[in-house]
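Numbering (the numbering used here), first residue to last: 515 to 753.
Positions of the beta carbon are idealized from the N, C-alpha and C atoms, including for glycine.
Below: one structure, written as structure tokens.
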Ligand SMILES: Nc1ncnc2c1ncn2[C@@H]1O[C@H](COP(=O)(O)OP(=O)(O)OP(=O)(O)O)[C@@H](O)[C@H]1O
Ligand SMILES: [Mg+2]
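Structure follows, in structure tokens:
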């Protein structure tokens with residue numbers, strides 16, 4: 515039984531009737547359409563779906579990064595997009611951790627400095643931020659690469675630094691876009707093991723986008739994004 519099932523399920527973040535399109539010079543690409551999604555406290559939720567279906571877009575809208583054209587996103591009953599952009603900046607920094615599909619690490623800073631960044635934005639104590647960043651980088655197996663800049667790191671190493679950065683402020687929700695995409699099977703299993711441990715020890719909630727059936731099979735619940743809608747997927751077919 516996972517944490518989400520062991521207690522009454524409490525809604526952490528909920529997307530209701532969201533529409534999101536991209537307008538290019540030639541066309542309008544409808545990505546999310548009347549999309550509903552609810553994430554419960556303490557679960558490790560997987561999102562799967564074909565390339566280009568809108569998984570990254572879904573995570574960005576869910577995490578307060580991309581305002582939808584229509585619909586609401588409620589974080590514990592608070593409609594986050596009702597507020598202005600400075601509220602959203604603060605909301606993300608305090609409540610949400612992101613692991614972006616393409617990492618978005620700052621190239622001029624070391625792995626350690628990148629991981630510390632979310633805490634420094636909050637003006638937290640630098641020594642304490644450094645200590646936590648070092649702890650997290652050790653946890654993701656980056657102990658010997660802390661002083662390397664992103665240009666000197668492999669894709670898998672950058673991805674692990676991005677996970678450490680995402681966890682820096684102990685977010686209520688960690689959104690990770692294909693966090694094992696650049697890892698081999700062993701490193702991927704270790705990362706999922708870490709995610710499961712953080713979930714168990716701290717009741718940390720995760721939403722992971724993945725293309726890997728192996729990863730999806732290790733999560734509490736898996737949803738598939740198809741034609742702008744999120745559907746439950748039969749876990750036994752995933753493994
Ligand atoms: N800024 C943008 N402008 C125009 N179109 C965009 C933009 N961002 C994404 N798209 C389009 O929206 C659709 C959804 O993109 P998204 O990146 O969310 O897909 P995805 O499911 O994450 O794909 P992948 O599995 O390849 O990462 C795609 O067709 C993409 O080309
Ligand atoms: Mg994507």
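Under the three-state reduction of DSSP, which class applies to residue i: helix, strand or coil?
i	result
residue 719	strand
residue 745	strand
residue 803	Outside the modelled stretch of the chain, which goes from 515 to 753, sits residue 803, for which no answer is possible.
residue 606	helix
residue 739	strand
residue 565	coil
residue 695	coil
Cβ of residue i within 6 Å of any heavy atom in ligand 1?
i	result
residue 649	no
residue 538	yes
residue 561	no
residue 525	no
residue 565	yes
residue 553	no
residue 706	no
I want to check one thing, is the minimum distance from the CB of residue i to the heavy atoms of ligand 2 below 6 Å?
i	result
residue 534	no
residue 570	yes
Judging by CA-CA distance, which residue of the options is the nearest neighbour of residue i?
i	options	result
residue 719	653, 739, 685	685
residue 613	603, 706, 584, 693	693
residue 601	577, 624, 662	577
residue 623	679, 729, 741, 747	679
residue 625	668, 714, 583	668
residue 670	556, 696, 538	696
residue 688	534, 621, 710, 568	710
residue 645	727, 682, 664	682
Could you give the residue range of the beta strand (DSSP E) that holds residue i?
i	result
residue 646	Per DSSP, residue 646 belongs to no beta strand (DSSP E); it is in the alpha helix (DSSP H), 640-653.
residue 728	Taken as a continuous stretch (DSSP letters only), residue 728 belongs to no beta strand (DSSP E), being part of the alpha helix (DSSP H) at 727-730.
residue 668	Unbroken run through residue 668: none, as it is neither H nor E.
residue 627	Here residue 627 belongs to no beta strand (DSSP E); instead the alpha helix (DSSP H) covers 625-635.
residue 690	687-691
residue 586	584-589
residue 536	525-537
Does chain B have any CB closer than 7 Å to the CB of residue i?
i	result
residue 624	In the structure shown, chain B cannot be found, because there is only a single protein chain.
Return yes when the C-beta of residue i is under 6 Å from any heavy atom of ligand 3, and no when it is not.
i	result
residue 615	With respect to small molecules bound, the structure shown includes ligand 1 and ligand 2 and not ligand 3.
Rounded to whole angstroms, how far is the Cβ of residue i from the Cβ of residue j, which I believe are closer than 8 Å?
i	j	result
residue 757	residue 562	Nothing can be reported for residue 757, as the shown portion of the chain is limited to 515 through 753.
residue 512	residue 532	As shown, the chain starts at 515 and ends at 753. That puts residue 512 outside it, with no answer to give.
residue 619	residue 672	6 Å
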